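Residue numbers (UniProt numbering): 1 to 296. Step one of this worksheet: look at the structure below.
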């Protein structure tokens, strides 16, 4: 858990956010503040609105009601004399530059190397000089443990390595806020740890993060606050040692019970894999996760 003291104005300020798809209300009045340097983990069953809320913050989805501010900017709208007007696509794209997002799927350009994937947006979107971007991209590859992979194409990388490139790509835009949408859900269990290791370090470095995850061990260790969502509303929130270890609501208790069972099965899977073919993995199973390094 971060030791940063969170005070003053929030970086993210969401008020009564609503969103519907085809008549189905997915978000039913979400209020949430996230302060600079804070790590917030969003937990909840599928369909609870977690991913939709992230996408609304980043304006990948427009909201139906409410307001979202990021670093004081009203997302998606301009307030002109008390009347809200939709921003243009170009203006929304400019707002997104301050926000990095990592998805379940890596979405790397298959025809570009790891280094080229990281360099693309700063050059094409921000107009930065190639030499400076290259230097920063190489440093980011080292930061995510892929110093030796600048020339590798996505097809030559494991899933965990591709996701780490995706994280580096998001960081290359020097965002104020990082959004993670279940970044380990598409990975083989033994590759999860290498991605979570990078995210842990980002949290230690003070990056403001909102993370949709089912990784309970990560939430316990890294989150300043856990928010449990269900049915499009915030059911319960607080420090992880309260929400995860001592939930107060029946819906939270039921969800966490299922997650603990899945976590135990995850550990058993890792142990079986280690015993079967990779004995060195045994040393990496820790708290329900693996800290295994890159697999080439």
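Here a beta-carbon is modelled for each residue, glycine too, at the ideal position from N, C-alpha and C. Model, not experiment: these values are computed from the prediction.
Cross-strand partners of residue i (DSSP beta bridge)
| i | result |
| --- | --- |
| residue 180 | 102 and 211 |
| residue 83 | 80 |
| residue 225 | 40 |
| residue 24 | 21 |
| residue 320 | Here the chain covers residues 1 to 296 and nothing more, so residue 320 does not appear. |
| residue 67 | 15 |
| residue 73 | 70 |
| residue 237 | 227 |
Pair within 9 Å by beta-carbon distance, residue i and residue j
| i | j | result |
| --- | --- | --- |
| residue 37 | residue 229 | no |
| residue 51 | residue 215 | no |
| residue 104 | residue 186 | yes |
| residue 13 | residue 92 | no |
| residue 151 | residue 121 | no |
| residue 165 | residue 108 | yes |
| residue 66 | residue 17 | yes |
| residue 49 | residue 238 | no |
| residue 167 | residue 144 | yes |
| residue 154 | residue 106 | yes |
| residue 178 | residue 76 | no |
| residue 221 | residue 227 | no |
| residue 39 | residue 203 | yes |
| residue 10 | residue 31 | no |
Per-residue burial, residue i [other beta carbons within 10 Å of its own, 16 or more giving buried]
| i | result |
| --- | --- |
| residue 161 | buried |
| residue 190 | buried |
| residue 276 | exposed |
| residue 287 | Only weak support is given to the placement of residue 287: the predicted model assigns it a pLDDT of 46, under 50, and the value that follows is read from those uncertain coordinates. Answer is exposed; the Cβ neighbour count stays below 16. |
| residue 184 | buried |
| residue 258 | exposed |
| residue 169 | buried |
| residue 53 | buried |
| residue 19 | buried |
| residue 79 | exposed |
| residue 194 | buried |
| residue 147 | exposed |
| residue 8 | exposed |
Pair every Cβ in the region 205 to 217 with every Cβ in the region 129 to 142, then say whether three or more of these pairs are closer than 8 Å.
no
Stretch-stretch touch, CB-based, cutoff 8 Å, three pairs: the region 232 to 247 with the region 55 to 73:
no
Three or more C-beta pairs closer than 8 Å, one from the region 90 to 102 and one from the region 166 to 182: is that the case here?
yes
Alpha helix (DSSP H) segments (min. 4 residues) lying fully within the region 112 to 154:
114 to 124 and 130 to 143
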